[in-house]
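Notes follow once the structure below has been shown.
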Amino acid sequence: VFMERGLAGSLFEAKTSPSDGSFCFDDVPPGIVGVFAIAEGLAFGGCSVNVGFGEPVTGLSIALNPPGVIQGKVADFQGEPVAGARIAPVLMLPGAKVGIPLNKLAAFGFQECITGADGAFALGRLPQGASVLLKVSHPLYAQEGLSDVRVGEQAVRVTLQNGVLVRGAVVSRDGGVPIVNALIVIRNTQPPMDSVVAQTDSQGQFAVHLKPGIYLYQAGGNELRSPGWAKLIVTGQTLEQQTTLRVAGTGTLFGKVADAKSGKGIPGVEVKLTAFGNPAELVRTGPDGAFELQAVEGENIVAIASAPGFLNPERGVVRATLENGQRKELPTFWLAPIPSYSLHVLDENQNPLPGAIVTVLRPAQVGWRLTDAQGHVPLQLGVVPEDGRIVGLAEHRTKPFAALFALKPSDASGAKVQLLPLSTVRGTVASAKGKPLEGAVVGAVFADDASDPPLPFWRTLSRPDGQFEWNGVVPYAPLRCVAQTGASASGFSARYTLEPSGSMDLGSLIVPEGGKQPTVYGKTLRWYEQPLAAGEMPTKEQRESSPAVVVYCAAHEAQVLLESLAGAHTILGADSPLFVLVVSGVAAV
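First residue of the sequence shown? That's 31 in the working numbering, and the numbers climb one at a time after it.
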């Protein structure tokens, strides 16, 4: 079993117990670490762990599966084979990635995967049936990352580009002294989010080939570090590009996050460090709420990044000036628990409405809530948005009545919302030349929503003539419609607010770069042809007589979605549509 703390970190080894397969690593530093294992006759397996300060981590489980192989060839942009290219796998896990650093494993007797004279490679000891990310590197070319490569593929083709030769220097901030053997980690901010590691020579210089794009990079070595992750923009307008990283001495900032009500430390809070305007580090508090940050000398900014179950503090930022080698204590961050919100839902006649369906939209939550006999519903939240405003939707179970609501901490108890008749909006999605666009995704957002991405209240598709219509628009809400035909091609309507039972034609939503694209509009989704894992597959007559809500997800998302759909089915009762959950190609009805 091996443990690695970051690309620039060392590799630590531990042996499993012969009796029960257990393993242990001592003195694990806080932060994200990769843990992976390998055994004779089996494939690599691993997990990613976010370790809090002073937090013991137990109960990790690593499954080792039968091994498989990925084969392929590496060529340059002219199609000529590239010899000497190194291929390293990254295991793709639910919500995380774990790299297998074959270059570091060479010191433990493992072989690197290197292409031969014909550019061919065979990368073994990978879990059968899994998908991995491949990192292909060569000193004369820009690193290439291939995502979702299936283990077992035998004809993977990788093309390496020369890229831009980025020459750099790492020097001390105070005297400009070149730093020898400094490690520079360069992170690509674009998919597949791969990283490159370079090292300075005896003159403090380094060189690396990079594809044009936006990167974040940081240098460190000999107790020195550059202040945070600086942005590096490789334009591609020139064949070479120069850069300089300045490093400074480091020290330690430490402190505590505590509950303002009980006075106890809060575990699991994310604390972020910013240095000279650059993001530098993100750590989690330990069991007693304590944290430590390794920071560069000079001014640093420490702030609360995430505290599940607690409100964002009004003054959640601390500025601290640090000297080289100094260990400095910060003031305690005091956080107030998120209150238990209560909503009172009234019908159109301002009478309490039992059985109303309430959905929390921001922060996004899965599942419905029902009001009780007096029209009340409690809202328990684990997180709140930065501005403290909670947005939700209250709907009548059987009638076309609904209302949006927004809650602040001061509205924790006693907030009311009255349901009103829904309205209708329609329009046409067209290109800049006036051509109707079929299959555009059209939705509605708050007119003044500045969040990225904005919060959609509903979404539908434009028909072959480009027209769309939605008859579930909540009245008295300032909205605008957004039409999207691709990753970045969007068109917007004017701002509008509808009266109850109102109707409005928005005219044309122009998507400037919109064009013909694949669309599923009007096509049959054959979900019923999937293998059945749970429930009873409906007959053709049942499918044709009832609408179906089909949700696709990965295995790690299945439990919460299954509970949510089962709850919706119970709430709707005889009026329920068919609810189908397709998990990795297997259906539950």
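Glycine included, each C-beta is placed from N, C-alpha and C at the ideal position. Given the structure is predicted, the values throughout are model-derived calculations rather than measurements.
Note down the Cα distance separating residue i from residue j, rounded to an integer number of angstroms.
i: E300; j: L123; result: 22 Å
i: C143; j: G98; result: 14 Å
i: D148; j: W500; result: 58 Å
i: L132; j: A152; result: 14 Å
i: P157; j: V181; result: 7 Å
i: S594; j: L341; result: 26 Å
i: Q101; j: D178; result: 14 Å
i: S40; j: V120; result: 17 Å
i: V112; j: K103; result: 8 Å
i: V407; j: P343; result: 26 Å
i: V226; j: S492; result: 43 Å
i: G482; j: V332; result: As written in the sequence, residue 482 is Asp, which differs from the Gly given in the question. The straight-line gap from Cα to Cα measures roughly 24 Å.
i: F522; j: D478; result: 13 Å
i: A320; j: V58; result: 16 Å
i: R556; j: R573; result: 11 Å
i: A237; j: I334; result: 36 Å
i: I62; j: E322; result: 14 Å
Counting only the same chain and skipping the five closest in sequence on each side, list residues whose C-beta sits under 6 Å from that of residue i.
i: V421; result: L391, R392 and A436
i: P494; result: E468
i: A44; result: V31, F53 and F55
i: T454; result: N501 and S533
i: H374; result: G405, H406 and K446
i: K127; result: V120
Tell me the DSSP bridge mates of residue i?
i: D106; result: L190
i: E174; result: V166
i: S538; result: T458
i: C143; result: I117
i: A513; result: V472 and G521
i: C583; result: V613
i: N379; result: Partner(s): none; N379 has no beta bridge.
i: N218; result: Y245
i: R3; result: Given that the chain is displayed from residue 31 to residue 619, the structure contains no residue 3 and the question cannot be resolved.
i: W364; result: A288
i: R203; result: In the DSSP output, where bridge partners are listed per residue, R203 has none listed.
i: K127; result: M122
Please state the DSSP three-state secondary structure of residue i.
i: E574; result: helix
i: L132; result: helix
i: H426; result: coil
i: A249; result: strand
i: D289; result: strand
i: G76; result: strand
i: L591; result: helix
i: P439; result: helix
i: Y506; result: coil
i: W259; result: coil
i: W557; result: helix
i: F53; result: coil
i: G597; result: helix
i: F83; result: coil
i: G339; result: coil
i: A477; result: coil
i: I195; result: One detail in the question is off: residue 195 reads as Leu in this sequence, not Ile. Reduced to three states, the DSSP call for L195 is strand.
i: L452; result: coil
i: L485; result: coil
Counting only the same chain and skipping the five closest in sequence on each side, list residues whose C-beta sits under 8 Å from that of residue i.
i: K291; result: A366 and P367
i: L562; result: V616, A617, A618 and V619
i: P607; result: S576, P577, A578 and V579
i: L423; result: V388, T389, L391, A432, A433, L434, F435, F487 and V504
i: G597; result: G397 and W398
i: E85; result: P60, P297, R314, G316 and P317
i: R489; result: V471, V472 and G473
Within its chain, find whatever has a CB closer than 7 Å to the CB of residue i; leave out the 5 residues flanking it on each side and keep chain order.
i: A403; result: P384
i: G281; result: A325, E327, L352, E353, N354, G355, Q356, R357 and K358
i: S443; result: S372
i: T274; result: G198, A199 and V201
i: G75; result: F66, A67, I92, A93, L94, N95 and P157
i: V613; result: C583, A585 and A588
Residue i lies in the beta strand (DSSP E); which residues open and close that run?
i: M567; result: Element bounds for M567: n/a, residue is neither H nor E.
i: K302; result: E300 to A305
i: L491; result: W488 to L491
i: A152; result: A150 to P157
i: E43; result: L41 to E43
i: K446; result: A445 to Q448
i: V390; result: I387 to R392
i: M33; result: F32 to E34
i: A185; result: Counting along the chain, A185 falls outside any beta strand (DSSP E), and DSSP gives it neither H nor E.
i: I62; result: G61 to A67
i: A350; result: V347 to L352
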